[in-house]
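In my numbering, the protein residues as written are 1 to 415. Note that the Cβ used here is the ideal one computed from N, Cα and C, for glycine as well. Structure record follows, encoded as structure tokens.
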């Protein structure tokens with residue numbers, strides 16, 4: 001669930017100190033980072049010490065190299081949350097660009113039901129603390145750790161939701177870059193639960209035409225272009241979706257070797273096999289779905305939108321309930337440059353109304369695990385959400401450039 005390691009025992013004691021949060025991070029050498037715009041930072045960053053509103057358990061239930069996740073409870077109403085405590089690089093410094101970036105991505109996705117929700121943000125001399133929605137079912141990895149291989153119909157339902165969350169991200173040109181069962185949270189007992197994507201610590205905003213190359217990800221799920229130090233794209237996530245589908249259907253990884261080096265070699269060679277002993281009970285359409293994702297050339301992989309139209313994800317009695325306004329693979333989309341932007345509107349009121357309409361639409365769409373249309377709500381200043389015909393919500397964006405630190409405010413959406 002987290003992308004870094006554990007923190008020291010000082011963390012709980014430090015949480016009560018007043019924050020020193022700044023809306024704009026310092027210059028970062030990492031491309032593709034977002035930053036909270038000042039108006040959203042003003043709303044999200046707590047002004048009071050954390051202990052006035054939350055009690056935090058001392059023992060984390062998830063750890064990484066630079067962060068730990070602990071249960072916390074609202075002292076006013078008893079509601080439980082998850083506190084992601086991110087250790088700072090130096091005492092007294094501001095939040096790291098990476099922690100600001102994760103907060104910005106989560107805030108951007110606050111209208112998406114399949115991405116974990118950011119509730120509040122605290123800053124102390126030692127840590128940045130993200131208060132997050134708690135997924136009581138734990139990680140999807142826990143299901144695999146029990147040697148459970150989900151039924152194919154349950155895999156279909158889970159992947160629909162994963163892809164709906166991923167499509168929401170991709171509409172903002174954001175790649176997750178670490179999709180795996182550990183970063184997929186369950187809202188309750190499996191399989192009667194929903195899925196939420198989490199951990200956006202290495203997610204990247206990939207500007208159009210950008211040549212972004214980084215070595216990151218998890219060995220079994222990493223795409224060949226990362227290992228070959230070739231440009232990363234949204235298609236990099238789609239490779240991981242293919243690996244995820246393979247793992248959920250069989251309990252095995254498609255490219256796993258005895259060592260990391262052997263695994264990496266298998267990935268770069270794209271040596272994909274579907275042995276009978278693993279796939280005898282798996283449908284041919286599922287195999288075809290995976291084959292169309294685990295291709296060496298990123299340009300040939302299915303997109304998240306195409307996946308949601310794939311026949312495998314639309315099998316069973318619920319298939320005919322998929323909304324007719326789900327965009328088709330060849331549907332034309334408006335250009336950013338041709339979108340009219342009204343000047344004299346109360347943007348915050350319009351965003352609030354759009355958020356409400358968007359949520360009502362999604363509540364209907366996801367009954368029975370249905371797929372979502374290519375819709376979204378912009379959650380930053382200078383964006384103009386409008387409702388169009390057929391109950392299809394569209395965001396009309398306005399590009400606002402970059403900050404003086406070279407980071408991109410998240411104020412536009414691609415359709």
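### Query
Roughly how many whole angstroms lie between the Cα atoms of residue 256 and residue 294?
Looking up residue 256 in the chain shown gives position 256. Looking up residue 294 in the chain shown gives position 294. In a straight line, the C-alpha of residue 256 is about 14 Å away from that of residue 294.
### At least 3 beta-carbon pairs within less than 8 Å: the region 42-54 vs the region 63-74
yes
### Message
Does the structure place the region 231-251 close enough to the region 285-301 that three or more beta carbon pairs sit under 8 Å?
### Response
yes
### Message
Short of 7 Å in beta carbon distance, which residues of its chain neighbour residue 104, apart from the five on each side in sequence? Order them along the chain.
### Response
Counting from 1 along the chain shown, the entry for residue 104 is found at position 104. Excluding sequence neighbours, residue 104 sits near 34, 35, 36 and 410.
### Query
In angstroms, rounded to a whole number, what distance separates the CA positions of residue 31 and residue 204?
Position 31 of the chain shown, counted from the first residue, corresponds to residue 31. Position 204 of the chain shown, counted from the first residue, corresponds to residue 204. Using only the alpha carbons, I get a separation of about 8 Å.
#### Entry: Span separating the alpha-carbon of residue 193 from that of residue 161
As a working note, residue 193 is residue 193 in the chain shown. As a working note, residue 161 is residue 161 in the chain shown. Taking the straight line joining both Cα atoms gives about 11 Å.
### Query
Taking the Cβ atom as the reference point for each residue, do residue 179 and residue 167 lie within a distance shorter than 9 Å?
In the chain shown, residue 179 corresponds to position 179, counting from 1. In the chain shown, residue 167 corresponds to position 167, counting from 1. No. Outside cutoff.
### Query
Name the DSSP beta bridge partners of residue 122, please?
Start at 1 with the first residue of the chain shown, and residue 122 comes out as number 122. Residue 122 pairs with 129.
### Query
Between residue 258 and residue 39, what straight-line distance do the alpha-carbon atoms span, to the nearest angstrom?
As a working note, residue 258 is residue 258 in the chain shown. As a working note, residue 39 is residue 39 in the chain shown. Distance between the alpha carbons of residue 258 and residue 39: 50 Å.
### Message
From the DSSP secondary-structure annotation, give me the bridge partner or partners of residue 72.
### Response
The residue given as residue 72 occupies position 72 in the chain shown. 56 and 81, per the DSSP bridge assignment.
### Task
With residue 153 as the anchor, note down where its alpha helix (DSSP H) starts and where it stops.
To locate residue 153, count along the chain shown from 1; it is residue 153. Element bounds for residue 153: 152-170.
### Message
Give me the residue from 276, 265 and 262 with the minimum Cα distance to residue 249.
### Response
On the chain shown, residue 249 is found 249 positions in, with the first residue counted as 1. Selected option, being the one with the closest Cα: 276.
### Query
Are the region 109-117 and the region 56-68 in contact at 8 Å, needing three or more beta carbon pairs?
no
### Task
Determine the extent of the beta strand (DSSP E) in which residue 195 is found, giving its start and end residues.
Your numbering for residue 195 matches position 195 in the chain shown. Per DSSP, residue 195 belongs to the beta strand (DSSP E) from 195-197.
#### Entry: In DSSP terms, what residue 45 is bridged to
Translated into the one-based positions of the chain shown, residue 45 becomes position 45. 121.
### Query
Taking buried to mean at least 16 other C-beta atoms within 10 Å of its own C-beta, is residue 225 buried or exposed?
Residue mapping note: residue 225 aligns to position 225 of the chain shown, counting from 1. Flag for residue 225 reads buried.
### Query
Helix, strand or coil: which one does DSSP assign to residue 134?
Numbered from its first residue, the chain shown carries residue 134 at position 134. The answer is coil: DSSP assigns residue 134 none of H, G, I, E or B.
### Query
residue 174 bridges to which residues according to DSSP?
Taking the chain shown and counting its residues from 1, one reaches residue 174 at position 174. In the DSSP output, where bridge partners are listed per residue, residue 174 has 205.
### Task
Note down the Cα distance separating residue 303 from residue 77, rounded to an integer number of angstroms.
Within the chain shown, residue 303 is the residue found at index 303, counting from 1. Within the chain shown, residue 77 is the residue found at index 77, counting from 1. Approximately 42 Å, taken between the alpha carbons.
### Task
Mind checking who residue 213 pairs with in its DSSP beta bridge?
The count along the chain shown starts at 1 and reaches residue 213 at position 213. For residue 213, which the question treats as bridged, DSSP gives no partner whatsoever.
### Query
Would the beta-carbon of residue 139 fall within 9 Å of that of residue 88?
As a working note, residue 139 is residue 139 in the chain shown. As a working note, residue 88 is residue 88 in the chain shown. For residue 139 and residue 88, no; Cβs fall outside 9 Å.
### Message
Within 10 Å of its beta-carbon, does residue 98 have 16 or more other beta-carbons around it, so buried, or fewer, so exposed?
### Response
Position 98 of the chain shown, counting from 1, holds the residue named residue 98. Label assigned to residue 98: buried.
### Query
With distances taken between CB atoms, is the gap from residue 122 to residue 50 smaller than 9 Å?
For the purposes of this step, residue 122 is taken as the residue at position 122 of the chain shown. For the purposes of this step, residue 50 is taken as the residue at position 50 of the chain shown. In contact: residue 122 and residue 50 (Cβ atoms closer than 9 Å).
### Task
Along the alpha helix (DSSP H) that carries residue 234, what are the first and last residues, could you check?
If you number the chain shown from 1, residue 234 lands on position 234. From DSSP, residue 234 is part of no alpha helix (DSSP H); its letter is neither H nor E.
### Query
What three-state label does DSSP hand residue 223 in the structure shown?
The residue you call residue 223 lines up with position 223 of the chain shown. In the structure shown, residue 223 sits in coil (DSSP, three-state: anything other than H, G, I, E or B).
### Task
Would you identify the three-state DSSP class for residue 86, choosing helix, strand or coil?
In the chain shown, residue 86 corresponds to position 86, counting from 1. Strand.
### Query
On the three-state DSSP scale, how would you describe residue 94?
Counting from one through the chain shown, the residue named residue 94 turns up at place 94. Correct three-state label for residue 94: coil.
### Task
Less than 8 Å between the CB atoms is what I'm expecting for residue 251 and residue 149, so what's the real figure, rounded?
To locate residue 251, count along the chain shown from 1; it is residue 251. To locate residue 149, count along the chain shown from 1; it is residue 149. With a Cβ gap of about 5 Å, residue 251 and residue 149 count as contacting.
### Extent of the continuous beta strand (DSSP E) to which residue 308 belongs
For the purposes of this step, residue 308 is taken as the residue at position 308 of the chain shown. Counting along the chain, residue 308 falls outside any beta strand (DSSP E), though it belongs to the alpha helix (DSSP H) covering 304-309.
### Query
Contact check, residue 219 vs residue 263 under 8 Å by CB: the rounded distance?
As a first step, residue 219 is located in the chain shown; it is residue number 219 there, counting from the start. As a first step, residue 263 is located in the chain shown; it is residue number 263 there, counting from the start. The pair is a contact, with the Cβ atoms about 5 Å apart (cut-off 8 Å).
#### Entry: Coil, strand or helix - residue 140 by DSSP
Residue numbering aside, residue 140 sits at position 140 when the chain shown is read from its first letter. Residue 140: coil per DSSP, three-state reduction.
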